[in-house]
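In the order they appear, the protein sequences are chains U and L.
In terms of my numbering, the first sequence has 111 at position 111, counting the first letter as 1, and numbering is strictly consecutive.
In terms of my numbering, the second sequence has 105 at position 105, counting the first letter as 1, and numbering is strictly consecutive.
Input: a single structure, listed below in structure tokens.
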Amino acid sequence: MELSNRLWFRTSRAFVTAGLALGLAACASGSSGSSGGSTTSGAPKPPLVIGASVSLTGDFADSGKAVQRGYQLWADQVNAKGGLLGRQVTVKIVDDASSPTQVVTNYQNLINRDKVDLVFGPFSSLLTVPASQVAKRYGYSFLEPAGGGPKVFASKLDNMFFVQPAPVVKSGEVFADWILSLPAADQPKTAAYAELDDPFAAPIAEAIRARFEAAGIKTVYKQVYPAETQDFSAIAAKIASSKPDVLVSGTQTEDAYAQVKSLVQLKFSPKFMFMSNGANSPLEFPNKVGEANTAGIMSAGDWFPGSTASGSAEFTAAYIKANGGTADTIDNSSAEAYACGQLLEEVASKTGKVDNATIISSLHQGTWPTLLGDLSWDAIGQPQGTFHLVQWQGGKLLPVYPADTAQAAPVYPKPNWGG
Amino acid sequence: MHSLIQGVILGVLTGGVYALMASGQTLIFGIMKVVNLAQGAMVIMAAYLAYQLFTSFGVDPFLAIPVTTVIMFGLGVGVEVLFLRPLRREDKSELSLLVTFAVALLIEGVLSVTWGTTFRSINTTYANNSWTVGGYQITQVRFWAFVLSLVALGLLFWLLNRTRFGRAVRATVQNPESARLLGVDDRRVSALGFGLGAATAAAAGSVYGLLYPFYSGSHYDLISRLLSIVVLGGLGSVGGAVIAAVIVSTSSAIVAATISPAWSEMTFFVILLLVLLIRPRGLFGSVSRGAI
């Protein structure tokens with residue numbers, strides 16, 4: 001889930017400062033075409049074509065390509081095993097240039113013109129909202145790996161399934177669960193909250209604050225900051241002077257890096273520190289704040305290298321074989337996209353069918369094992385699980401809670417900056 | 001109170017960084033009457049160059065400045081010769097807005113393609129170090145950035161006031177026709193002037209990359225701040241830009257510490273509005289052409 005929504009925030013911010021610029025850019029690059037999905041059938045069964053609009057250009061390009069890798073990897077895997085119910089799987093990816101209007105056109109074309117059998121979701125909540133409505137109109141099931149913001153569920157669609165453990169705003173619950181499970185003497189007495197004014201950031205910290213205040217942890221400082229905030233010196237100075245035991249940061253990406261940098265510069269290190277986003281990126285975070293400064297920082301995650309969840313080892317090996325690198329370099333978005341495919345496979349093996357109606361009715365019942373853990377959904381596609389609490393230890397991001405999936409015990413109090 | 005003073009210290013130091021960026025902008029306006037909307041993009045580009053030199057070759061961002069300065073100077077001259085020179089003199093000021101905005105988009109596009117759209121930051125071993133002085137933290141990067149700004153601005157001042165080229169620049173600013181009559185090649189002065197303005201982006205880029213995470217689209221935020229600083233200081237006045245930069249970042253820091261960080265970003269727009277109401281030419285802008 002880590003980066004799935006930050007770009008929405010980043011785009012809306014750029015719109016504020018330079019709407020004209022983006023408008024022009026979108027016009028210029030909005031019409032990326034699609035290539036025909038040729039079929040090499042001679043086999044008795046026609047291929048199963050799954051269409052998806054993914055951002056291969058524009059602001060979401062990096063994450064969009066990670067989603068594409070996940071979809072394609074799954075298709076290659078399932079084809080190597082003989083396909084889905086004997087049908088070879090073809091993933092038809094079209095580029096939406098990160099544009100919410102192009103994404104609508106793309107799904108309409110995929111469904112009406114290309115007559116794809118199934119569709120998967122795009123990247124980001126911004127694009128998932130309009131895309132899911134197109135899918136709904138044509139009765140298509142909509143497994144989507146990267147749109148978990150409140151607006152996605154506001155339309156209350158029964159054909160949509162967010163393929164992550166929980167809606168974004170609930171991703172911090174696991175930190176509150178862990179803190180409140182500690183012996184009373186170890187629990188923090190005071191807390192500070194620094195929250196980005198964004199639907200994907202502040203609500204996560206607010207949910208934790210509600211739990212903490214109910215448990216008697218005193219709020220000594222709370223600040224919601226606007227997206228334009230670039231310099232965190234003032235906020236960090238306030239946090240440092242209020243000396244909280246625990247710091248809960250409702251962050252996205254670069255604000256997380258900037259908060260850490262400012263706190264290091266002011267030499268204030270709290271006993272516990274949780275960042276909703278930004279700190280859960282295995283490669284980016286240590287690169288941005290310095291590896292030694294990551295020690296002890298906690299965040300939430302769904303997939304992580306070395307996970308023992310269903311199909312994770314197979315995914316990891318196949319990913320590295322196809323794309324090179326190490327397990328640490330795998331973007332979570334690829335794992336989340338891959339999980340969409342896993343779900344199709346399970347529906348197929350359980351029901352013997354892979355049509356849209358079967359997928360929709362099946363996924364609304366029971367729990368479904370994926371490499372992100374066991375997933376289940378309510379009537380409007382909100383996943384019912386919890387994220388894993390992850391913590392930086394020795395330069396690695398490890399799951400530490402809940403205990404059944406933990407790879408290490410949580411370390412507290414947090415080591416001082418610089419390890 | 002402690003956090004207020006701490007905020008002010010950091011605000012003043014940050015002001016130095018903005019002064020560096022804004023001086024190039026205001027210089028270009030002073031010489032050519034061109035509002036360079038690509039200045040922010042040039043700063044970000046220089047930050048990427050410093051980032052690449054650091055990650056690939058281990059070159060310290062401060063030591064990379066001479067190299068990036070040469071590159072940015074070349075880029076500035078190129079932009080002037082290729083895109084600005086062909087504009088007709090009568091509507092150059094208006095058209096240059098569009099042209100430099102296009103250059104900004106072009107640079108942003110090239111940066112996105114080259115480095116992707118994820119955030120980058122330059123992490124030297126000293127990036128997060130600070131000295132403790134009387135209970136207050138003075139961050140080393142900001143301090144050196146401030147010193148660097150003073151040095152760069154000093155150089156700029158020397159160049160404009162003590163050299164032949166500087167005299168030609170000032171003459172061109174005051175009266176292009178007379179300057180030409182006296183043998184000043186105003187085309188050359190314009191190209192070099194634009195190059196010089198772009199070159200200030202090199203040092204600013206190194207410092208920016210050390211202080212803040214950045215990506216190709218970061219220039220939108222940057223340019224709006226730079227324009228405010230330049231207008232506040234008086235278009236074309238380098239000294240005014242420096243003072244405006246310090247006023248802006250210090251007042252933001254004070255507001256952030258006393259009221260709320262949510263209001264700090266707005267502070268300088270309020271100051272800008274007040275100044276424009278009371279003194280429309282900016283703090284140090286002159287009514288007649290020609291004060292740099």
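Ideal Cβ placement from N, Cα and C applies to all residues, glycine included.
* Residue burial classification, U:PRO244 (beta-carbon count within 10 angstroms, cutoff 16) -> On the first sequence, residue 244 of chain U is found 244 positions in, with the first residue counted as 1. That one is buried.
* Asked: Does the beta-carbon distance from U:TYR107 to U:ALA131 come in below 9 Å?
  -> Along the first sequence, one-based indexing puts residue 107 of chain U at 107. Along the first sequence, one-based indexing puts residue 131 of chain U at 131. Going by C-beta atoms, U:TYR107 is nearer than 9 Å to U:ALA131.
* Counting pairs of Cβ atoms below 8 Å between the segment 248-261 of chain U and the segment 280-290 of chain U, do you hit three or more? -> Yes: at least three Cβ pairs fall under 8 Å.
* For chain L, find out if any of its Cβ atoms is closer than 9 Å to the Cβ of U:ASP197; answer yes or no. => Sequence index remark: in the first sequence, residue 197 of chain U carries index 197 (1-based). Chain L contact via Cβ: present.
* **Interface partners of U:GLN259 on chain L, CB under 7 Å** => Indexing the first sequence from 1 puts residue 259 of chain U at position 259. The premise fails here: U:GLN259 is roughly 11 Å from chain L at the closest Cβ pair, so nothing lies under 7 Å.
* Asked: U:SER34 to U:GLY352, Cα distance in whole Å?
  -> Along the first sequence, read from residue 1 onward, the residue named residue 34 of chain U stands at position 34. Along the first sequence, read from residue 1 onward, the residue named residue 352 of chain U stands at position 352. Residue placement at U:SER34 is poorly supported in this model, since its pLDDT is 37, which falls under 50; the coordinates still yield a value, given next. When the Cα atoms are used, U:SER34 and U:GLY352 turn out to be separated by approximately 31 Å.
* Asked: What residue from L:ILE122, L:ALA104, L:GLY217 and L:ILE247 has the CA that sits closest to L:VAL207's CA?
  -> Here residue 207 of chain L is taken as the residue at index 207 of the second sequence, counted from 1. Closest option to L:VAL207, Cα to Cα, is L:ILE122.
* Asked: Looking only at C-alpha atoms, which of U:ASP404, U:SER276, U:GLY64 and U:SER155 sits nearest to L:THR117?
  -> Along the second sequence, read from residue 1 onward, the residue named residue 117 of chain L stands at position 117. Closest by alpha carbon: U:GLY64.
* Close-in-space but distant-in-sequence residues of the same chain around U:ALA215 (CB under 7 Å, 5 per side omitted) -> Residue mapping note: residue 215 of chain U aligns to position 215 of the first sequence, counting from 1. Here U:ALA215 has LEU180 as same chain residues with Cβ atoms under 7 Å from its own Cβ, once five neighbours each way along the sequence are excluded.
* In chain L, which residues lie with their C-beta within 7 Å of the C-beta of U:GLU228? -> As a first step, residue 228 of chain U is located in the first sequence; it is residue number 228 there, counting from the start. Contacts between U:GLU228 and chain L, judged by CB atoms closer than 7 Å, involve ASP221 and GLU265 in chain order.
* Asked: Just how far apart, CA to CA, sit L:THR258 and U:GLY311?
  -> For the purposes of this step, residue 258 of chain L is taken as the residue at position 258 of the second sequence. For the purposes of this step, residue 311 of chain U is taken as the residue at position 311 of the first sequence. Cα atoms of L:THR258 and U:GLY311: separation of roughly 53 Å, rounded to the nearest angstrom.
* Could you run through the segment 58-85 of chain L and flag, in chain order, every residue whose CB is less than 9 Å away from some CB of chain U? => Close to chain U, meaning a Cβ-Cβ distance shorter than 9 Å, is no residue of the segment 58-85 of chain L at all.
* To do: Give me the Cβ distance between U:VAL67 and U:SER249, rounded to the nearest whole Å; I'm assuming they're in contact under 8 Å.
  => Reading the first sequence from its first residue, position 67 is the one you call residue 67 of chain U. Reading the first sequence from its first residue, position 249 is the one you call residue 249 of chain U. The Cβ separation is near 26 Å, so there is no contact.
* chain L within 9 Å of U:ALA25, Cβ atoms only -> Within the first sequence, the letter at position 25 stands for residue 25 of chain U. Since pLDDT at U:ALA25 reaches only 37, below the 50 mark, its modelled position is unreliable, and the value read off the structure follows with that caveat. Among the residues facing chain L, U:ALA25 is included, as its CB has a counterpart in that chain under 9 Å away.
* Flag U:ASN277 as yes if its beta-carbon sits less than 9 Å from any beta-carbon of chain L, otherwise no. => As a working mapping, residue 277 of chain U is identified with position 277 in the first sequence. No, its Cβ sits nowhere closer than 9 Å to a Cβ of chain L.
* To do: Excluding the 5 residues preceding and the 5 following U:GLY205 in the sequence, name in chain order all residues of the same chain whose CB lies nearer than 6 Å to its CB.
  => Here residue 205 of chain U corresponds to residue number 205 of the first sequence, with the count starting at 1. Note on identity: in this sequence residue 205 of chain U is Ala, with Gly being the wrong assignment. For U:ALA205, where only same-chain residues beyond five positions count, the Cβ hits under 6 Å are TYR193, GLU195, VAL248 and GLY250.
* Cβ-based neighbour list, U:SER32, same chain, cut-off 6 Å, excluding 5 preceding and 5 following -> Residue mapping note: residue 32 of chain U aligns to position 32 of the first sequence, counting from 1. Reliability fails at U:SER32, whose pLDDT of 38 lies under 50, so the model's placement of it is uncertain and the value that follows must be treated cautiously. Result list for U:SER32: ASP95 and ALA97, in chain order.
* Among U:LYS170, U:LEU127 and U:ILE320, nearest to U:PRO145 - alpha-carbon criterion -> As a working mapping, residue 145 of chain U is identified with position 145 in the first sequence. Taking each of U:LYS170, U:LEU127 and U:ILE320 in turn and checking the Cα distance to U:PRO145, the smallest one comes out for U:LEU127.
* Closer than 9 Å to chain U by CB, L:GLN25 -> Reading the second sequence from its first residue, position 25 is the one you call residue 25 of chain L. Residue-level contact check: L:GLN25 does not touch chain U, since none of the beta carbons of chain U fall below 9 Å from its beta carbon.
* To do: With L:PRO176 as the anchor, note down where its alpha helix (DSSP H) starts and where it stops.
  => As a working note, residue 176 of chain L is residue 176 in the second sequence. Looking at the DSSP string, the run of the alpha helix (DSSP H) that includes L:PRO176 is 176-181.
* **Backbone CA spacing between U:LEU118 and U:THR358 [nearest angstrom]** => The count along the first sequence starts at 1 and reaches residue 118 of chain U at position 118. The count along the first sequence starts at 1 and reaches residue 358 of chain U at position 358. Counting only the Cα atoms, U:THR358 lies some 12 Å from U:LEU118.
* Outcome for L:ILE278 when other beta-carbon atoms lying within 10 angstroms are tallied against a minimum of 16 -> To locate residue 278 of chain L, count along the second sequence from 1; it is residue 278. An exposed status is given to L:ILE278, since fewer than 16 other beta-carbon atoms sit within 10 Å of its beta-carbon.
* Counting only runs of 4+ residues fully inside the segment 93-117 of chain U, write out the alpha helix (DSSP H) ranges in chain order. => For the segment 93-117 of chain U, the full-length alpha helix (DSSP H) segments reaching 4 residues or more read 100-108 along the chain.
* Any chain L beta carbon closer than 9 Å to U:LEU266 -> Here residue 266 of chain U is taken as the residue at index 266 of the first sequence, counted from 1. Under the Cβ distance rule, U:LEU266 counts among the residues neighbouring chain L, one pair being separated by less than 9 Å.
* 6 Å CB neighbourhood of L:VAL189 in its chain, flanking five on each side removed -> Indexing the second sequence from 1 puts residue 189 of chain L at position 189. Around L:VAL189: ALA168, VAL169 and THR172.
* To do: Leaving out five residues on either side along the sequence, give the residues of the same chain with a beta carbon under 7 Å from the beta carbon of U:ALA406.
  => Looking up residue 406 of chain U in the first sequence gives position 406. Same-chain partners within the cutoff: PRO399 and VAL400.
* Asked: What is the DSSP secondary structure of U:LYS396, counted as helix, strand or coil?
  -> The sequence position of residue 396 of chain U within the first sequence is 396, counting from 1. U:LYS396 falls in the strand class under three-state DSSP.
* **Amino acids of chain U, ordered along the chain, whose beta-carbon sits closer than 9 Å to that of L:SER206** => For this step, residue 206 of chain L is matched to residue 206 along the second sequence. What L:SER206 touches in chain U: nothing, since even the nearest Cβ is about 16 Å away.
* Alpha-carbon to alpha-carbon, U:THR57 and U:ASP231 -> Numbered from its first residue, the first sequence carries residue 231 of chain U at position 231. Numbered from its first residue, the first sequence carries residue 57 of chain U at position 57. Cα to Cα, the separation comes out at about 29 Å.
* For chain U, is any of its Cβ atoms less than 9 Å away from the one on L:PHE54? -> Numbered from its first residue, the second sequence carries residue 54 of chain L at position 54. L:PHE54 does not count as touching chain U.
* To do: Starting from L:SER121, find everything on chain U with Cβ-Cβ shorter than 7 Å and list it in chain order.
  => Position 121 of the second sequence holds residue 121 of chain L. Close partners of L:SER121 in chain U (Cβ separation under 7 Å): TYR257 and LYS288.
* To do: Flag this pair as yes or no: are the beta carbons of L:LEU10 and L:ARG142 separated by less than 9 Å?
  => As a position in the second sequence, residue 10 of chain L is number 10, starting the count at 1. As a position in the second sequence, residue 142 of chain L is number 142, starting the count at 1. Yes.
* Asked: Which of helix, strand or coil does DSSP assign to U:PRO410?
  -> By 1-based counting over the first sequence, the position of residue 410 of chain U is 410. DSSP places U:PRO410 outside both helix and strand once states are collapsed to three, so it counts as coil.
* So which residues of chain U does L:GLY116 contact, with C-beta pairs closer than 9 Å? -> Within the second sequence, residue 116 of chain L is the residue found at index 116, counting from 1. Result: ALA61 and ASP62.
* **For U:LYS45, three-class secondary structure by DSSP** => Mapped onto the first sequence, residue 45 of chain U falls at position 45. Here U:LYS45 sits in coil by DSSP.
* Could you tell me whether any Cβ in chain U is nearer than 9 Å to the Cβ of L:ASN129? => In the second sequence, residue 129 of chain L corresponds to position 129, counting from 1. At least one chain U Cβ lies under 9 Å of L:ASN129.
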